[in-house]
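**Q** What follows is a structure written as structure tokens; I'll ask about it next.
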DNA sequence: TAAATAGTGTTGTTTTTACAACAAAAAGAG
DNA sequence: CTCTTTTTGTTGTAAAAACAACACTATTTA
């Protein structure tokens, strides 16, 4: 099946052979689903029975608070999981919603099977467990990074902190981000129009350039 | 040795028998250190060779940025680890500093031994690995919670979000927090004097009461 | 116990942000 | 291609926060 070649490239099945994945498929109760752009893959507060593994596309993890205001926690890409942190923590519900930001193919994995591997000695279970560990740690690092952006007091500092981090991650001063301006404002927890005017100012000052989701940091990273 | 009774109560050695911990001690290259209140347990940017397990006391994880402004990432208590996320992610340096907020006893564990357990089949290694997984997941949940606080736009919303979360965690509307006012401001990334006046207003309005590190939420949690 | 230090609350001023409203541009649907 | 919807940039105003300075209290330390 074509999907299995995608599975091999995911974080949690890294280093697992395709026939081993096939063997685990039944045990993990895997199922596949397709979603169109902007559709809800998983709604906030839904019971958490599966870990959702993104095989194609990308999606935003979003939160809506009691007052109805929306924030974007992060964007996940093909190969990454949604709900793994909650599943390993023992939560009963998804604490956020997952919204397709492109057309998506996802794989559902029964969470209790994934995090409590059966007791046979096959080494692929250990591989998956190690991959899950690494995946959880990466998510933790990602959150610390985001907390660093949010900790900055001024909008300009928040944006530059985020853009610098993206620049380092993508190893270039030219890079794409997964958010449009509205989503970037929701990600950085600032007002959209204030963000827009701050970006315009920085463009006018020659600090950055941008077009749609493409950005360019023109100054030395250390000087800003 | 007296210390081993403390180790049994930590997150990552939960469910491991004392004699098993003794057996692992050599393999993990464990060492003990004492620190007085306000001393630096680990400085920002130090090479990361050990995971630091707090056995007694509590400590703040702090970040200082290029401009010299300090933020408090979180406070960890006896039983919790510092540096586990970075170690499992494969980082070479601590990305933050660890400052004793009380007198502390810590245990150092060689990180490569902890996260790459030797290949014998003893079940306690699997137990430790599972505990590490759970510990990483808890840290992830904690960070998501903190991101929710920081995502709020107004100081009052940030404080109430944090206090509500503490109230739920401690299962009472009367609770202690690990921060004084200065540290709370550094934790919530707001100005100390602005925080102080906002707290005073909320006290005057009868929403909360507080004294030192002790707080009381007087209104229904859902209504605020 | 006295002196020094650290923590807290208050206030006024300046800076920054949120908010609201609108126009223009771009993207998507039929 | 045209109409509709979404996204983006701009501006002015009101609200909120940062900042700075100071007084007072609590806590350490000598």
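Protein chains in written order, with my numbering: chain A, 38 to 261; chain B, 38 to 261.
No residue lacks a Cβ here, since even glycine has one placed at the ideal position from N, Cα and C.
In this text, all values refer to a predicted model and were calculated from it rather than measured experimentally.
I'd like the list of long-range same chain contacts for residue 117 of chain A, defined as Cβ closer than 7 angstroms, with 5 residues on each side in sequence excluded.
**A** Excluding positions up to five away in sequence, the list reads 48 and 91.
**Q** Which same chain residues, not among the five before or five after residue 176 of chain B, have their C-beta less than 8 angstroms away from its C-beta?
**A** So the list reads 121 and 122, once near-sequence residues are dropped.
**Q** For residue 90 of chain B, does the three-state DSSP call read helix, strand or coil?
**A** Here residue 90 of chain B sits in strand by DSSP.
**Q** In three-state terms, what does DSSP make of residue 213 of chain A?
**A** Here residue 213 of chain A sits in strand by DSSP.
**Q** Identify the contact partners of residue 125 of chain A in chain B, using a Cβ-Cβ distance below 7 angstroms as the criterion.
**A** Ordered by position in chain B, the residues that pass the 7 angstroms Cβ test against residue 125 of chain A are 170, 171 and 174.
**Q** Which same chain residues, not among the five before or five after residue 233 of chain B, have their C-beta less than 7 angstroms away from its C-beta?
**A** Around residue 233 of chain B: 218.
**Q** Run through DSSP, which three-state label would residue 152 of chain A get?
**A** Residue 152 of chain A: helix per DSSP, three-state reduction.
**Q** Which residues, in chain order, does the stretch 223-245 of chain B contribute to contact with chain A at a C-beta distance below 7 angstroms?
**A** Taking 7 angstroms as the Cβ-Cβ cut-off against chain A, the residues of the stretch 223-245 of chain B that qualify are 226.
**Q** Can you name the residues of chain B whose CB is closer than 7 angstroms to the CB of residue 146 of chain A?
**A** Neighbours of residue 146 of chain A on chain B: none; closest Cβ ~16 angstroms, over 7 angstroms.
**Q** Measuring alpha carbon to alpha carbon, tell me which residue in B:129, B:249, B:50 and B:244 is nearest residue 259 of chain B.
**A** It is B:244.
**Q** So, does the stretch 235-244 of chain A touch the stretch 167-187 of chain A, judging by three or more C-beta pairs under 8 angstroms?
**A** No, the stretch 235-244 of chain A is not in contact with the stretch 167-187 of chain A.
**Q** Are any of the Cβ atoms in chain B nearer than 8 angstroms to that of residue 210 of chain A?
**A** Chain B, which has no Cβ nearer than 8 angstroms to the Cβ of residue 210 of chain A, makes this no.
**Q** If you reduce the DSSP assignment to three classes, tell me which class residue 108 of chain B lands in.
**A** It is a strand residue.
**Q** So, under 8 angstroms CB-CB, residue 151 of chain A and residue 65 of chain A are touching, yes? Tell me the CB distance rounded to an integer number of Å.
**A** Confirmed, Cβ separation roughly 6 angstroms.
**Q** Can the beta-carbon of residue 213 of chain A be found closer than 8 angstroms to that of residue 253 of chain A?
**A** In this structure, residue 253 of chain A does not lie closer than 8 angstroms to residue 213 of chain A by Cβ.
**Q** Tell me where the alpha helix (DSSP H) around residue 96 of chain A begins and ends.
**A** Segment 95-101 is the beta strand (DSSP E) holding residue 96 of chain A; no alpha helix (DSSP H) there.
**Q** Under 8 angstroms between beta-carbons, which chain A residues line up against residue 136 of chain B? List them in chain order, please.
**A** Within 8 angstroms Cβ-Cβ: nothing; residue 136 of chain B doesn't reach chain A, min ~17 angstroms.
**Q** Ignore the nearest five residues each way along the sequence and tell me which others in residue 73 of chain A's own chain have a CB closer than 6 angstroms to its CB.
**A** For residue 73 of chain A, where only same-chain residues beyond five positions count, the Cβ hits under 6 angstroms are 140.
**Q** May I have the straight-line CA-CA distance separating residue 45 of chain B from residue 94 of chain B, to the nearest angstrom?
**A** About 16 angstroms.
**Q** Which stretch, first to last residue, makes up the beta strand (DSSP E) that contains residue 77 of chain B?
**A** 77-79 is the span of the beta strand (DSSP E), which, as asked, contains residue 77 of chain B.
**Q** Pull up the CB-CB distance for residue 109 of chain B and residue 220 of chain B, whole angstroms please, since I reckon it's below 8 angstroms.
**A** Yes, residue 109 of chain B and residue 220 of chain B are in contact; Cβ-Cβ is about 5 angstroms, under 8 angstroms.
**Q** Suppose contacts are defined by Cβ-Cβ distances below 8 angstroms. Is residue 239 of chain B in contact with residue 206 of chain B by that definition?
**A** It is not a contact, given that the beta carbons lie outside the stated cut-off.
**Q** Thinking C-alpha only, which one of B:223, B:178 and B:153 is nearest residue 98 of chain B?
**A** With distances taken between Cα atoms, residue 98 of chain B lies closest to B:223.
**Q** Tell whether a beta-carbon distance below 8 angstroms holds between residue 30 of chain B and residue 202 of chain B.
**A** Because residue 30 of chain B is not part of the residues shown, which for chain B are 38 to 261, the question remains open.
**Q** Would you list the one or two residues that DSSP bridges to residue 70 of chain B?
**A** Residue 70 of chain B is bridged to B:143.
**Q** Could I get the ranges of all uninterrupted alpha helix (DSSP H) runs contained in the stretch 172-232 of chain A, with 4 residues as the minimum, in chain order?
**A** The stretch 172-232 of chain A contains these whole alpha helix (DSSP H) runs: 192-207 and 218-225.
**Q** Output needed for residue 41 of chain A: all residues of its chain with C-beta closer than 7 angstroms, excluding positions within five of it in sequence on either side, in chain order.
**A** Answer for residue 41 of chain A: 55, 58 and 59, listed in chain order.
**Q** Rounded C-beta distance between residue 85 of chain B and residue 131 of chain B? I'm assuming under 8 angstroms.
**A** That belief holds up - the Cβ atoms of residue 85 of chain B and residue 131 of chain B are roughly 5 angstroms apart, short of 8 angstroms.
**Q** What residue from B:172, B:142 and B:246 has the CA that sits closest to residue 68 of chain B's CA?
**A** Checking every option, the nearest Cα to that of residue 68 of chain B belongs to B:142.
**Q** Among residues of its own chain, excluding the 5 on either side of residue 53 of chain A, which ones have a beta-carbon nearer than 6 angstroms to its beta-carbon?
**A** Excluding positions up to five away in sequence, the list reads 161 and 164.
**Q** Determine which residues share a DSSP beta bridge with residue 252 of chain A and list them.
**A** In the DSSP output, where bridge partners are listed per residue, residue 252 of chain A has A:212 and A:247.
**Q** Return the residue from the list B:126, B:191 and B:196 that minimises the CA-CA distance to residue 179 of chain A.
**A** Comparing Cα positions, the closest option is B:126.
**Q** Confirm, please, whether the CB-CB distance from residue 96 of chain A to residue 137 of chain A is below 8 angstroms.
**A** Going by C-beta atoms, residue 137 of chain A is nearer than 8 angstroms to residue 96 of chain A.
**Q** Rounding to the nearest angstrom, what Cα-Cα distance links residue 262 of chain B and residue 166 of chain B in this structure?
**A** The requested residue 262 of chain B is not part of the displayed model; chain B covers only 38 to 261.
**Q** For residue 256 of chain A and residue 190 of chain B, what's the separation of their Cα atoms in angstroms?
**A** Going by the C-alpha atoms only, they are around 30 angstroms apart.
**Q** Quick one: which residues of the stretch 103-114 of chain B get their C-beta closer than 7 angstroms to a C-beta of chain A? List them in chain order.
**A** Answer set for the stretch 103-114 of chain B: 108 and 110.
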